[in-house]
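Colleague: Chains as they are written, first to last, in this note's numbering: chain Y, 945 to 1314; chain W, 945 to 1314; chain L, 945 to 1314.
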Amino acid sequence: MFPLNQWYVAGFSWELEEKPVARTLLNRHVVLFRLKDGSAAALEDRCCHRGLPLSFGTLESRGIRCGYHGLLFNGEGRCIEIPGQERIPEKACVRSFPVEEQDQIVWIWMGSEEGAAPDSSPPAYPWHNDARYEFRGDVYHYEAPYYLIHDNLMDLSHLGYVHLATIGGNPTTHMTAEMRIEQTGDIVKVRRWMKDSIPPKTYTDAWPFAGKVDRWQEIEFDVTHLRIWTGAAEAGAESLENPERGGFHMRGLHGITPETDTTTHYFWTIASNHAGPEHRNIDTVFAQTAQTFGEDKVIVEAQHRNLVRFPEHAGVDIHVDGGANRARRVVQRLSAVSAARTPQAATSRNIDVAQNAAPSPASSPTAVQS
Amino acid sequence: MFPLNQWYVAGFSWELEEKPVARTLLNRHVVLFRLKDGSAAALEDRCCHRGLPLSFGTLESRGIRCGYHGLLFNGEGRCIEIPGQERIPEKACVRSFPVEEQDQIVWIWMGSEEGAAPDSSPPAYPWHNDARYEFRGDVYHYEAPYYLIHDNLMDLSHLGYVHLATIGGNPTTHMTAEMRIEQTGDIVKVRRWMKDSIPPKTYTDAWPFAGKVDRWQEIEFDVTHLRIWTGAAEAGAESLENPERGGFHMRGLHGITPETDTTTHYFWTIASNHAGPEHRNIDTVFAQTAQTFGEDKVIVEAQHRNLVRFPEHAGVDIHVDGGANRARRVVQRLSAVSAARTPQAATSRNIDVAQNAAPSPASSPTAVQS
Amino acid sequence: MFPLNQWYVAGFSWELEEKPVARTLLNRHVVLFRLKDGSAAALEDRCCHRGLPLSFGTLESRGIRCGYHGLLFNGEGRCIEIPGQERIPEKACVRSFPVEEQDQIVWIWMGSEEGAAPDSSPPAYPWHNDARYEFRGDVYHYEAPYYLIHDNLMDLSHLGYVHLATIGGNPTTHMTAEMRIEQTGDIVKVRRWMKDSIPPKTYTDAWPFAGKVDRWQEIEFDVTHLRIWTGAAEAGAESLENPERGGFHMRGLHGITPETDTTTHYFWTIASNHAGPEHRNIDTVFAQTAQTFGEDKVIVEAQHRNLVRFPEHAGVDIHVDGGANRARRVVQRLSAVSAARTPQAATSRNIDVAQNAAPSPASSPTAVQS
Chain Y
945 MFPLNQWYVA
955 GFSWELEEKP
965 VARTLLNRHV
975 VLFRLKDGSA
985 AALEDRCCHR
995 GLPLSFGTLE
1005 SRGIRCGYHG
1015 LLFNGEGRCI
1025 EIPGQERIPE
1035 KACVRSFPVE
1045 EQDQIVWIWM
1055 GSEEGAAPDS
1065 SPPAYPWHND
1075 ARYEFRGDVY
1085 HYEAPYYLIH
1095 DNLMDLSHLG
1105 YVHLATIGGN
1115 PTTHMTAEMR
1125 IEQTGDIVKV
1135 RRWMKDSIPP
1145 KTYTDAWPFA
1155 GKVDRWQEIE
1165 FDVTHLRIWT
1175 GAAEAGAESL
1185 ENPERGGFHM
1195 RGLHGITPET
1205 DTTTHYFWTI
1215 ASNHAGPEHR
1225 NIDTVFAQTA
1235 QTFGEDKVIV
1245 EAQHRNLVRF
1255 PEHAGVDIHV
1265 DGGANRARRV
1275 VQRLSAVSAA
1285 RTPQAATSRN
1295 IDVAQNAAPS
1305 PASSPTAVQS
Chain W
945 MFPLNQWYVA
955 GFSWELEEKP
965 VARTLLNRHV
975 VLFRLKDGSA
985 AALEDRCCHR
995 GLPLSFGTLE
1005 SRGIRCGYHG
1015 LLFNGEGRCI
1025 EIPGQERIPE
1035 KACVRSFPVE
1045 EQDQIVWIWM
1055 GSEEGAAPDS
1065 SPPAYPWHND
1075 ARYEFRGDVY
1085 HYEAPYYLIH
1095 DNLMDLSHLG
1105 YVHLATIGGN
1115 PTTHMTAEMR
1125 IEQTGDIVKV
1135 RRWMKDSIPP
1145 KTYTDAWPFA
1155 GKVDRWQEIE
1165 FDVTHLRIWT
1175 GAAEAGAESL
1185 ENPERGGFHM
1195 RGLHGITPET
1205 DTTTHYFWTI
1215 ASNHAGPEHR
1225 NIDTVFAQTA
1235 QTFGEDKVIV
1245 EAQHRNLVRF
1255 PEHAGVDIHV
1265 DGGANRARRV
1275 VQRLSAVSAA
1285 RTPQAATSRN
1295 IDVAQNAAPS
1305 PASSPTAVQS
Chain L
945 MFPLNQWYVA
955 GFSWELEEKP
965 VARTLLNRHV
975 VLFRLKDGSA
985 AALEDRCCHR
995 GLPLSFGTLE
1005 SRGIRCGYHG
1015 LLFNGEGRCI
1025 EIPGQERIPE
1035 KACVRSFPVE
1045 EQDQIVWIWM
1055 GSEEGAAPDS
1065 SPPAYPWHND
1075 ARYEFRGDVY
1085 HYEAPYYLIH
1095 DNLMDLSHLG
1105 YVHLATIGGN
1115 PTTHMTAEMR
1125 IEQTGDIVKV
1135 RRWMKDSIPP
1145 KTYTDAWPFA
1155 GKVDRWQEIE
1165 FDVTHLRIWT
1175 GAAEAGAESL
1185 ENPERGGFHM
1195 RGLHGITPET
1205 DTTTHYFWTI
1215 ASNHAGPEHR
1225 NIDTVFAQTA
1235 QTFGEDKVIV
1245 EAQHRNLVRF
1255 PEHAGVDIHV
1265 DGGANRARRV
1275 VQRLSAVSAA
1285 RTPQAATSRN
1295 IDVAQNAAPS
1305 PASSPTAVQS
């Protein structure tokens, strides 16, 4: 079960070029493509005739043509041509999904009912359009449920153990960072400061730091995606309270879109500033971030396989789990709301609803040590 | 569930050389081999001692010897030697299946009961012995149920979209072909004419056509195999009603033998004539047919995966579906007859009978547009 | 279901070097490692915090540190450090398993209840410490249940058909060997003599035999491992009754440790003597034994797949099955005893107990021909 009636990341603008993109999102099998007018469309990936995925078809100015017998569908999922046949039956159509393209992100509205209209605009992500930053991104496929990736991102204390070669190392620094957790509605923020600390490899490769740094990690959790602002300034040079502070910035977008109950699309971009034209760093930052996120994938997938092997695992919370546990509760609450709004027929078909929901954190927030 | 009490293609004569062939046919695990007297045999692929597949054994003049402890079985499945032991228990035997070899095709009788004797001779396929033709063939393995391959072959309108590089292209020609459907008992025939049409690549590569052609596709469906006669003559040169007409001929045998409920062996040969010794074309025809059938396999397997992903798919029929729908009804009727004749013990063991039967076509024949 | 409250082989001493070893044993997921004091330890392979396998961690002098957030566990499974946190919760621990290292074998006690203490010492295997012998070994992974490997080893008549290139061939000799079966408690011994027989390739490669040999195979079955002493002396030169006899000796250890109900770890070593310094043979003996056991793996895995495909297979016993059938009955008896001693909660969780138990041999011992 997933939180529904939300805007999820379905892809990046640069993915919708000549060919349709087949992607399963929240157990729905979708074909994404761009129409000649430039707008993006998302349809159920199934021709209503013999069932071939429409993603095996070809793009035309009016829509997508099936690769088996040539039925043509427009962006709303209506069949607008059956070659060799005049009449087009009313039922010759497939489900369409609301999509909006913004900031080079293709957002899809996953409603609890077919035909449900979005009740909001998709989230803005201004850092893709900020002249101070360059950015790059990629899509990783996880053999693990989405909420384990939330856990990973909400608790960056793991950097000391997992990312020794890039943004981590110095585990004591990471495990004893000054941490503040805030929650406003369904948004959970975790702020971590590591003042007067040794900058890790990625930082010294990307910025001409002279010595120790004041380093920050600001994580903002939204149930479909996270914004993570990390960075550092020369020790003592900036106020970490100042949102306009200088120094080296890494702005990460993390679109965590469930593929199925146990697999996930991880859409990510990393944006960085540089210390002058001779210090352009986006190639370095992108390469080391890709390596870093690859390390997370190894860990989280191993964790998932192990939780499946140990179904009775309850888990013992430690002092760094507060942010992750709050995020988990948001997921559970919104999933429960979605389940209540989903038509009976749909839920009764999926008898695994209860088992596949994100499990509760081990303890209540008050029990978390700090 | 499959139509039983039928002759199915189990293999080609040239496959039974030095080694036994292991093949699952209609959920039965069979070892095929040739005895020293030249006759073919088919046994359950299991030694009655410790259960090793007999296909791991070796061929001897009297039969097949198990590769674990050396039990020797004759072509009727009787154990005729237990090394080091005098007495051979009565129950030391395995099931055998009636096989007949004819026209370089190994036919197997799949009866609804063990020991059921064939009530007919295997079908003749004279084109393998016709001096006007040369032929070649191969076996493809499909990750798709047999009836989806029937659909593919009974409706050749897909050539315009699927086989652009060989026998297709010109989709309008294919989607508006003059079509006639006939049914006699369980035999369904579809005849398609495309007069004064542009010959496709395979035709111009194989035959010295000067310009446009009168082209035909004659499909004859039998529940275990299809005969498809396609070809073309110079436009206006021949009567398409004349079964003795000249021009370029391609004679296809399509043995569609279920492996399991969801996988299929596709035994095929293609035979062609040529326009004179300097125009020998079998290499070209075979290569392009192999490519063509490979394209079908990609489409049909994708279709199958998608029908599994969309179990609620009902399907909308279009004007070209008449032949395929009639074939589907033959499959269903004969499957139901087989189920009724199959002993209770066998059916109750397989509780998936209902689900795995070929689903009904979307609409009745009268509803098909033309 | 497995025989519990037994010492099983978990690994070899030389496997526990710099890195922890992850291994599933009797459906328990275990990490094996060596502490700085030289002792071996075995823990449940799961951090009690977020569930990452501890085998993804690193070894330190005091224990194993988790690779996600750095929790440190000692050899008893107690968490002894949570970085950045003073208090360590009582429940921060994972299950540990008794291990004993002896004769370069790591033995693990698999009890029917958590915390069950061993009621015996692990078995001695003196041939790893015998100056007359050199030995080598390896671990093979079988996609087959453990009891089929027992069958294979308890009935060496298969050598004539399976191992033609190394220790077999001459099937008649193997199928008519003089055989004696003895049972003392749960130990089953099979003794096979092939007097005045042709030595196989491995024997003539390893020892300067002049002509025919008196050959023996002495198999001693223990429910967790087998000792197999095979060898040969010049025909007539030694008494095969004499346990101190000379000639060419191969001493095999076969630790048959279930991984899951249907997969198995096969820990094996082979020790051999030689006919003088110029006849050192361990390289030859090891290489040919590795090939031989690889041939067994192919056969037994094919047998297992086939028994799954033919669930109704009853099997017909032949004259050589007596030893294997006795071993199977020991397995069944000890498995039943274990099931009775296992706490209710554990057995009710595993509803496959009955199906996955080793099936009975086809017939009773008295029915076996000889």
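Positions of the beta carbon are idealized from the N, C-alpha and C atoms, including for glycine.
(1) Which of the three DSSP states is assigned to Arg1006 of chain W in this structure?
(2) Sort out for me which residues DSSP pairs Ile1125 of chain L with in a bridge.
(3) Using only the alpha-carbon positions, how far apart do Pro1070 of chain W and Thr1146 of chain W sit?
(4) Which residues in chain W have a C-beta closer than 8 Å to the C-beta of Val1106 of chain L? List them in chain order.
(5) Using a Cβ-Cβ cutoff of less than 7 Å, which residues in the same chain neighbour Ala1154 of chain W once the five nearest sequence positions on both sides are dropped?
(6) Any chance you could list the beta strand (DSSP E) runs of at least 3 consecutive residues sitting entirely within the segment 1000-1071 of chain Y, in chain order?
(7) To be precise: take each residue of the segment 1112-1126 of chain Y, compare its Cβ to all Cβ atoms of chain L, and keep it if any distance is under 9 Å. Which residues remain?
(8) Can you tell me whether Thr1291 of chain W is helix, strand or coil according to DSSP?
(9) Examine the ligand NAD and report whether any of its heavy atoms sits within less than 8 Å of the Cβ of Cys992 of chain L.
(10) List the residues of chain C whose Cβ lies closer than 9 Å to the Cβ of Asp1095 of chain Y, in chain order.
(11) Does the beta-carbon of Trp1151 of chain W have 16 or more other beta-carbons within 10 angstroms, so that it is buried, or is it exposed?
(12) For a contact meaning CB atoms closer than 8 Å, what does Asn1250 of chain W contact in chain Y?
(13) Can you tell me whether His1223 of chain W is buried or exposed? The criterion is at least 16 other CB atoms within 10 Å of its CB, across all chains shown.
(14) How about Val1260 of chain W: is its C-beta nearer than 9 Å to some C-beta of chain Y?
(15) Using the Cβ count rule (16 or more neighbours within 10 Å means buried), how would you classify Val1274 of chain L?
(16) So, does the segment 1052-1066 of chain W touch the segment 952-960 of chain Y, judging by three or more C-beta pairs under 8 Å?
(17) Only counting the same chain, and skipping five residues up and downstream in sequence, which positions put a Cβ closer than 7 Å to that of Ser1056 of chain L?
(18) Have a look at L:Pro1144, L:Leu1170 and L:His1169 and flag the residue whose alpha-carbon is nearest the alpha-carbon of Arg1159 of chain L.
(19) Is there at least one Cβ from chain L nearer than 9 Å to Phe1323 of chain W's Cβ?
(20) From the beta carbon of Thr1046 of chain W, is the nearest beta carbon of chain Y less than 9 Å away?
(21) Taking the beta strand (DSSP E) that Pro1115 of chain L falls in, what are its first and last residues?
(22) Determine which residues share a DSSP beta bridge with Arg978 of chain W and list them.
(23) Let's see if you can read the secondary structure: which residues bound the alpha helix (DSSP H) around Val1242 of chain W?
(24) Would you mind stating whether Leu976 of chain L and Tyr952 of chain L have Cβ atoms separated by less than 9 Å?
(25) Consult DSSP for Asp1140 of chain W and reduce its assignment to one of helix, strand or coil.
(26) Using 8 Å as the threshold, is the segment 971-986 of chain W in touch with the segment 1063-1082 of chain L, meaning 3 or more CB pairs across them?
(27) Taking its Cβ as the centre, do 16 or more other Cβ atoms sit within 10 Å of Ala1121 of chain W, making it buried, or is it exposed?
(28) Per DSSP, which residues does Ala1177 of chain L bridge with? Please list them.
(29) Between Pro1309 of chain L and chain W, is there a C-beta pair that is closer than 9 Å?
(30) Enumerate, from N- to C-terminal direction, the unbroken beta strand (DSSP E) stretches of 3 or more residues contained entirely within the segment 1167-1219 of chain L.
(31) Which whole-angstrom value is the C-beta distance of Thr1116 of chain W and Met1138 of chain W, which I expect to be below 8 Å?
(32) Which residue wins for smallest C-alpha separation from Ser1304 of chain L, given the options L:His1263, L:His1257 and L:Leu1003?
(33) For Phe1254 of chain W and chain Y, any beta-carbon pair shorter than 9 Å?
(34) Whole angstroms is fine: what's the gap from Gly1196 of chain W's alpha carbon to Pro1089 of chain W's?
(35) Does Thr1082 of chain W come out as helix, strand or coil in the three-state DSSP assignment?
Modeller: Here's the rundown:
(1) coil
(2) L:Val1134
(3) 24 Å
(4) Gly1011 and Tyr1012
(5) Glu1178
(6) 1002-1004, 1007-1009, 1023-1025, 1043-1046 and 1049-1054
(7) Pro1115, Thr1116, His1118, Met1119, Thr1120 and Ala1121
(8) Because the pLDDT of Thr1291 of chain W is 43, which lies under 50, any placement of that residue in the model is unreliable, and the question is left without a value.
(9) In the structure on display, the ligand NAD does not appear, and there are no ligands present to speak of.
(10) The chain labelled as chain C is not found among the protein chains of the depicted structure, namely Y, W and L.
(11) buried
(12) His973, Asp989, Arg990, Gly995, Leu996 and Pro997
(13) exposed
(14) yes
(15) buried
(16) no
(17) Leu948, Asn949, Ser1282, Arg1285 and Thr1286
(18) L:Pro1144
(19) With chain W covering only 945 through 1314, there is no way to say anything about residue 1323 of chain W.
(20) This sequence places Gln at residue 1046 of chain W; Thr is not what is there. Not an interface residue.
(21) Where Pro1115 of chain L is concerned, there is no enclosing beta strand (DSSP E), although the alpha helix (DSSP H) it sits in stretches over Pro1115 to Met1119.
(22) W:Ala984
(23) Ile1226 to Arg1253
(24) no
(25) strand
(26) no
(27) buried
(28) L:Asp1158
(29) For Pro1309 of chain L, the predicted structure reports a pLDDT of 35, less than 50, and the residue's modelled location is therefore unreliable. A value from the coordinates is still provided. With 9 Å as the cut-off, Pro1309 of chain L does not count as an interface residue toward chain W.
(30) 1169-1178, 1192-1202 and 1208-1216
(31) No, Thr1116 of chain W and Met1138 of chain W are not in contact; Cβ-Cβ is about 10 Å, not under 8 Å.
(32) L:His1257
(33) yes
(34) 20 Å
(35) As written in the sequence, residue 1082 of chain W is Asp, which differs from the Thr given in the question. Strand, per DSSP.
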